[in-house]
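K.L.:
Heads up: the sequence shown begins at 1 in this note's numbering, then just goes up one per residue.
Cβ coordinates follow ideal geometry from the N, Cα and C atoms, glycine included.
A quick note: this is a predicted structure, and the numbers were derived from the prediction, not measured.
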Amino acid sequence: WGTEVAIFCHSAKLSTELKHVVWLSKDATVEDLCIAYLMGVDDGLVVCEVPTKGFTSCFLLTSVKDADSFGPINQKAFMGKKVWDVLKDNQAQLHAYWAPNSRFWAVMCGNMNQGAALEAAKMIAEQ
Numbered sequence: 001w002g003t004e005v006a007i008f009c010h011s012a013k014l015s016t017e018l019k020h021v022v023w024l025s026k027d028a029t030v031e032d033l034c035i036a037y038l039m040g041v042d043d044g045l046v047v048c049e050v051p052t053k054g055f056t057s058c059f060l061l062t063s064v065k066d067a068d069s070f071g072p073i074n075q076k077a078f079m080g081k082k083v084w085d086v087l088k089d090n091q092a093q094l095h096a097y098w099a100p101n102s103r104f105w106a107v108m109c110g111n112m113n114q115g116a117a118l119e120a121a122k123m124i125a126e127q
């Protein structure tokens with residue numbers, strides 16, 4: 001059970017599929033969202049290890065189509081927050097962009113360094 005969230009991919013580096021669907025509970029955190037997306041994408045580079053910063057998602061998730069106009073919801077400081085608090089409007093549609101060349105890369109670095117996110121990142125990095 002939960003809410004269906006559609007994530008539209010805007011980078012072939014992340015996935016060749018244009019749309020991924022994840023299901024989130026009302027208490028889901030941004031970390032939960034990232035893990036769900038990581039597990040749903042199996043044909044692209046979704047996580048990397050940044051020197052001195054640690055595991056970082058290669059995807060920037062935002063609720064708007066312009067990746068540079070609004071900060072990503074999966075920035076490091078937001079990972080423990082509830083998705084629906086960050087999104088405010090309960091918008092169940094997100095956009096994924098290639099993060100390493102984004103102007104927001106610095107606030108994302110190390111966002112996959114704790115708890116379940118770290119376990120998922122390690123597992124994917126070893127594949």
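State the Cα-Cα distance for the pair D42 and L14, rounded to the nearest angstrom.
P.N.:
Distance between the alpha carbons of D42 and L14: 9 Å.
K.L.:
Are G110 and T56 touching if we call contact CB-CB under 8 Å?
P.N.:
Yes, the pair counts as a contact, with Cβ atoms nearer than the cut-off.
K.L.:
In three-state terms, what does DSSP make of I35?
P.N.:
Residue state, collapsed to three classes: helix.
K.L.:
What is the DSSP secondary structure of F59, reduced to helix, strand or coil?
P.N.:
If DSSP states are grouped into helix, strand and coil, F59 belongs with the strands.
K.L.:
Among the residues of its own chain, which have a CB less than 7 Å from the CB of N113, if the five just before and after it don't count?
P.N.:
Closer than 7 Å at the Cβ level, and outside the excluded window around N113, lie G54, F55.
K.L.:
Could you tell me whether the Cβ atoms of I124 and L24 are closer together than 8 Å?
P.N.:
Cβ distance not < 8 Å, so I124 and L24 don't count as in contact.
K.L.:
Using the DSSP secondary-structure output, state which residues sit across from I7 in a beta bridge.
P.N.:
According to DSSP, I7 bridges with H20, L94.
K.L.:
Give the secondary structure of E49 by DSSP, where H, G and I count as helix, E and B as strand, and everything else as coil.
P.N.:
The answer is strand: DSSP assigns E49 an E or B state.
K.L.:
Spatial neighbours of F104 within its chain, please: CB distance less than 7 Å, with the 5 preceding and 5 following residues excluded, ordered by chain position.
P.N.:
Excluding positions up to five away in sequence, the list reads L60, G71, P72, Q75.
K.L.:
Nearest to A121 by CA position, among T52, M79, C48, is which residue?
P.N.:
Of the candidates T52, M79, C48, the one whose C-alpha sits nearest the C-alpha of A121 is C48.
K.L.:
Taking Cβ to Cβ, would you say I7 is nearer than 8 Å to L94?
P.N.:
Going by C-beta atoms, I7 is nearer than 8 Å to L94.
K.L.:
Between the Cα of S63 and the Cα atoms of P51, G40, V30, G80, which residue gives the shortest distance?
P.N.:
Ranking P51, G40, V30, G80 by Cα distance to S63 puts V30 first.
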